[in-house]
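Visitor: Residue numbers (the numbering used here): 4 to 634.
Right, here's the structure in full:
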């Protein structure tokens, strides 16, 4: 019998309203593990090249992994993979919570969804039994309303619901998938893909716990995580909101549409302020000791519903400093609206920041903005624009396309104010300060992302010694300054990119396991995988899984026509920042271009295209991908 995984993948054809079960052998699971590695496998194998993201031919994969659901901190996550309507490249998004573990308990490791239902439906999965049910009476409902109605209809208040809100239904290109109302697969528009398929929700109930190979070792590792939290872990105290002050102190808090790295109102929107003013409690994902999810509530100037959790660091920046808004309650309200309607807070904030700068520069007038005063610092306008984006009303219909497409719509030089890569708005970590992120944002297959490599702050000479020791175990022995982008920094990016890709394939939280600052060291990961699955894996084998995942995603993009010409950055990143600790810092174009070429070489990719070579794919056991790309 398999340990850790079920060996069963649910196949759903919404067009035919049929379901089936696919069973794969141990070799398949050990090769791909789960996450977007598994998702990209199905997209490359079964999806027609060049299809539109909103076509029924697009395939949507919701995947856990071989370790998901084991009772250890950080092991209840899932990845969503499809062609992205925001970038037209591979789409990849991850979320935690209780839904992933519940899917495993219900007997499935992943769901592969094809086609489009003729009318709104939802999936109901109950201990291995699957139904495609009518969801016409749920259509138009918020995520909160949908969760209540689904649980009432199936008669079980413990059912875990992953659903879309009105934004996904209306095909907002950065719509998200929300489970538990505050666990969000936000990036790359996966909620819009779900909406294009007329799929409102996937409701899951499972009562069979995950069988593990070595229960005693699993218990010991779980206890190790609990003890580590007790010794002190910043994310346990403030969640990711605690990052606001760190970024401000380094001059790396994106402000005024990425034009500055410091925000005068940072103290008003930081984690410490949130804790004092609107904090209610902390919540966790399944079996996790960290409890980093902050829940907030307020009555004025906006009523904030704690049902939808509270803003993470990225949201505090995207709806705060990006827009020069220092009203913490307004930001919390914006977070609520995004979770309620199903919007990615990063792309939403980045797109609104773009619109505000266009208004400031006269590209968008009051007529185009529906009479709204889209000035930096206008919290009321931010809240109203989020409503309009979710409903695709007025200017919201244009901004629902994302900043890159909106810039093409407005013209007049608006493109230079869209701070995006591959069409996806940049997250709240500045490559001007953390220089290796200039590589990450440019080459990451699904667009700019802050969780696809370790950050430079962990590999500078003054970094935490324990973190440096962990990086040294990967062969990273020469810490470099934050703004260095030399051979050692490129190697740092290559190695940690594969670690983070591995964590995605294993659908493991990067805050619990990882290369440097995380709760538990990456070197202990083989012991965890062995204890759960029984496989005698090594860190070498696991790192190869990460590399396999990166090459699969890049191969999908290559098949869709992407090349190194698409590995670019917004011009603003090359301009020196004006003030604060990062004054005068910008990405050096020459160093960045050299680093790009070194990255392709280190990855053994084609120098001309920046895409995987046949030899590299063969080395990773992906010869079938090479054959597929040569057709």
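All residues carry an ideal CB built from backbone N, CA and C; glycine is no exception.
Just so we're clear, the structure is a prediction, and the values are computed from it rather than from any experiment.
In this structure, how does DSSP classify residue 137 when only helix, strand and coil are distinguished?
Guide: Here residue 137 sits in strand by DSSP.
Visitor: Along the chain, which unbroken stretches of the alpha helix (DSSP H) at least 4 residues long are found entirely within the segment 158-206?
Guide: As far as the segment 158-206 is concerned, its whole alpha helix (DSSP H) runs of at least 4 residues are 169-172, 193-199.
Visitor: Pull up the DSSP beta-bridge partners for residue 282, would you.
Guide: According to DSSP, residue 282 bridges with 299.
Visitor: Go through the segment 398-462 residue by residue and report every complete run of the alpha helix (DSSP H) that reaches 4 residues or more, in order.
Guide: Taking only runs of at least 4 residues, the alpha helix (DSSP H) segments lying wholly in the segment 398-462 are 398-402, 406-413, 440-446.
Visitor: Does the pairing of the segment 321-330 with the segment 380-388 give three or more beta-carbon distances under 8 Å?
Guide: Output reads yes: the segment 380-388 touches the segment 321-330.
Visitor: Using a Cβ-Cβ cut-off of 7 Å (strictly less than) and excluding sequence neighbours within five positions of residue 177, which residues of its own chain qualify?
Guide: Taken in chain order, the residues that qualify are 89, 192, 346, 347, 350, 351, 405.
Visitor: Given a threshold of 16 other Cβ atoms within 10 Å of its Cβ, counted over all protein chains shown, does residue 434 qualify as buried or as exposed?
Guide: Burial call: buried.
Visitor: Let me check one thing: in DSSP terms, what residues is residue 68 bridge-paired to?
Guide: Residue 68 is bridged to 37.
Visitor: Which residues bound the beta strand (DSSP E) around residue 81?
Guide: Unbroken beta strand (DSSP E) run through residue 81: 81-86.
Visitor: Compare the Cα-Cα distances from residue 121 to each of 167, 200, 69, 110 and report the closest residue.
Guide: Checked all of 167, 200, 69, 110; the closest Cα to residue 121 is 200.
Visitor: Is it a yes or a no for the segment 84-99 touching the segment 555-569, going by three-plus beta-carbon pairs under 8 Å?
Guide: Yes, since at least three Cβ pairs between the segment 84-99 and the segment 555-569 fall closer than 8 Å, the two stretches touch.
Visitor: Select from 72, 82, 526, 118 the residue whose C-alpha is nearest the C-alpha of residue 101.
Guide: Residue 101 has its Cα closest to that of 72, out of 72, 82, 526, 118.
Visitor: Do the segment 488-501 and the segment 465-472 make contact, defined as three or more Cβ pairs closer than 8 Å?
Guide: With the cut-off at 8 Å, the segment 488-501 and the segment 465-472 do not touch.
Visitor: Could you check how far apart the C-beta atoms of residue 172 and residue 143 are, in whole angstroms? I think they sit under 8 Å.
Guide: The Cβ separation is near 7 Å, so the contact holds.
Visitor: Within 10 angstroms of its Cβ, does residue 103 collect 16 or more other Cβ (buried), or is it exposed?
Guide: Per the 10 Å Cβ criterion, buried.
Visitor: I'd like to check one pair, residue 451 with residue 429: are the Cβ atoms closer than 9 Å?
Guide: The answer is yes: Cβ separation under 9 Å.
Visitor: Starting from residue 115, trace the beta strand (DSSP E) both ways and give me its first and last residue.
Guide: Unbroken beta strand (DSSP E) run through residue 115: 113-117.
Visitor: Kindly list the residues whose CB is nearer than 8 Å to the CB of residue 441, restricted to its own chain and excluding five residues on each side of it in sequence; keep chain order.
Guide: Excluding residues within five positions, the ones whose Cβ falls inside 8 Å are 434, 488, 572, 576, 590, 595, 598.
Visitor: With a threshold of 6 Å on Cβ separation, who are the neighbours of residue 323 within its own chain once the five nearest residues in sequence on each side are excluded?
Guide: Hits under 6 Å: 272, 334.
Visitor: To which residues does DSSP link residue 25 through a beta bridge?
Guide: In the DSSP output, where bridge partners are listed per residue, residue 25 has 12.
Visitor: Going by C-alpha to C-alpha distance, which of 145, 294, 218 sits closest to residue 522?
Guide: Ranking the options by Cα distance to residue 522, first place goes to 294.
Visitor: Taking C-beta to C-beta, are residue 242 and residue 296 nearer than 9 Å?
Guide: Yes, these two residues count as a Cβ contact at 9 Å.
Visitor: Classify residue 581: buried if its beta carbon has 16 or more other beta carbons within 10 angstroms, exposed otherwise.
Guide: By the 10 Å Cβ count, residue 581 comes out exposed.
Visitor: Candidates 84, 220, 9: which alpha carbon is nearest residue 41's?
Guide: Of 84, 220, 9, the residue nearest in Cα terms is 84.
Visitor: If you follow the alpha helix (DSSP H) that residue 580 is in, where does it begin and where does it stop?
Guide: Careful: residue 580 lies outside any alpha helix (DSSP H) and carries neither H nor E.
Visitor: So, using beta-carbon positions, are residue 509 and residue 38 closer together than 9 Å?
Guide: Yes, Cβ-Cβ distance for residue 509 and residue 38 is below 9 Å.
Visitor: Buried or exposed: which applies to residue 437, given that a residue is buried once 16 or more other Cβ atoms fall within 10 Å of its Cβ?
Guide: So residue 437 ends up on the buried side.
Visitor: Identify the residues that DSSP records as bridge partners of residue 263: which are they?
Guide: The partner list for residue 263 (beta bridge, DSSP) reads 258.
Visitor: Rounding to the nearest angstrom, what Cα-Cα distance links residue 360 and residue 127 in this structure?
Guide: In a straight line, the C-alpha of residue 360 is about 45 Å away from that of residue 127.
Visitor: Among 162, 75, 259, 282, whose alpha-carbon lies nearest the alpha-carbon of residue 219?
Guide: Checking every option, the nearest Cα to that of residue 219 belongs to 75.
Visitor: Spatial neighbours of residue 9 within its chain, please: CB distance less than 8 Å, with the 5 preceding and 5 following residues excluded, ordered by chain position.
Guide: Once the five neighbours on either side are set aside, the close Cβ partners of residue 9 are 107, 110, 111, 112.
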